[in-house]
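Numbering (the working numbering), first residue to last: -15 to 202. Virtual Cβ for every residue (Gly too), placed ideally from N, Cα, C.
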């Protein structure tokens, strides 16, 4: 699939799959298109090109979203310690959004920055819920600990391409570090070889000039 905004390509991916039990972390710089990709997976936004096949229903936790409390089951109301407050804090609003999505009991859960405004207790509770969720999870988060403890695969949007890495976020960073070191080694080899060839060409030209220079009779 691919998606652009105006003339700028947000991302393009050749083949992406989400299977039952997957824990996928979606990472990339701000503006890379993470939320847009999640929205496409949820069927809320259309891709510019490509084919998406869905074999299950999905629920999505939007960043800074509000939810109707009557959609929330008693099970998740109790689990997330939701209170009947008129003026709800940012953390309570986030818990409501999480509970509303979880109440749908879908095989695929999509979560966009679900730790927004949560305190440590709320983050640890969410971490446990995502680890034991009965289905697949695709998660956007800037919380490295959450990505490390929950995810077993990383989708990285890099320079308009969606790349897949096995392992959690720390494993992804380790692989990126190896790639960077390999690229640096290749660049050093390239510059060294370029300098050697440049010196060889210069010496060849100087030698040719000496041979071509006419000899003056004394």
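{"Check": "List the residues that DSSP assigns as beta-bridge partners of residue 137.", "Outcome": "8 and 150"}
{"Check": "Within the continuous beta strand (DSSP E) that includes residue -13, where are the two ends?", "Outcome": "-14 to -11"}
{"Check": "Pull up the distance between the alpha-carbon of residue 53 and that of residue -10, whole angstroms please.", "Outcome": "37 Å"}
{"Check": "By Cβ distance below 6 Å, which residues in the same chain neighbour residue 6 in space, the five residues on each side in sequence not counted?", "Outcome": "120"}
{"Check": "In chain order, which beta strand (DSSP E) runs of at least 3 residues are fully inside the segment 17 to 100?", "Outcome": "42 to 45 and 92 to 96"}
{"Check": "With a cut-off of 8 Å, does the C-beta of residue 1 fall near any C-beta of chain B?", "Outcome": "The displayed structure is made up of one protein chain only, and chain B is not part of it."}
{"Check": "So what's residue 185 in DSSP terms, helix, strand or just coil?", "Outcome": "helix"}
{"Check": "Would you mind working out which of 113, 72, 4 and 88 sits nearest residue 133, comparing C-alpha positions?", "Outcome": "113"}
{"Check": "Tell whether a beta-carbon distance below 8 Å holds between residue 44 and residue 26.", "Outcome": "yes"}
{"Check": "So, with DSSP's three-state summary, where would you put residue -7?", "Outcome": "strand"}
{"Check": "Using the Cβ count rule (16 or more neighbours within 10 Å means buried), how would you classify residue 60?", "Outcome": "buried"}
{"Check": "Below 7 Å, is the gap between the Cβ of residue -2 and the nearest heavy atom of the ligand GDP?", "Outcome": "Inclusion of the ligand GDP in the displayed structure is not the case, the ligand content being empty and no account of it being possible."}
{"Check": "Are there 16 or more other CB atoms within 10 angstroms of the CB of residue 48, so buried, or fewer, so exposed?", "Outcome": "exposed"}
{"Check": "I think residue 99 touches residue 130, with their Cβ atoms under 8 Å apart; what is that distance to the nearest whole Å?", "Outcome": "6 Å"}
{"Check": "Would you call the segment 65 to 76 in contact with the segment 84 to 99, where contact means no fewer than 3 C-beta pairs closer than 8 Å?", "Outcome": "no"}
{"Check": "Of the choices 153, 8, 157 and 142, whose alpha-carbon is the least far from that of residue -3?", "Outcome": "142"}
{"Check": "Compute the Euclidean distance between the alpha carbons of residue 110 and residue 28, then round it to the nearest angstrom.", "Outcome": "24 Å"}
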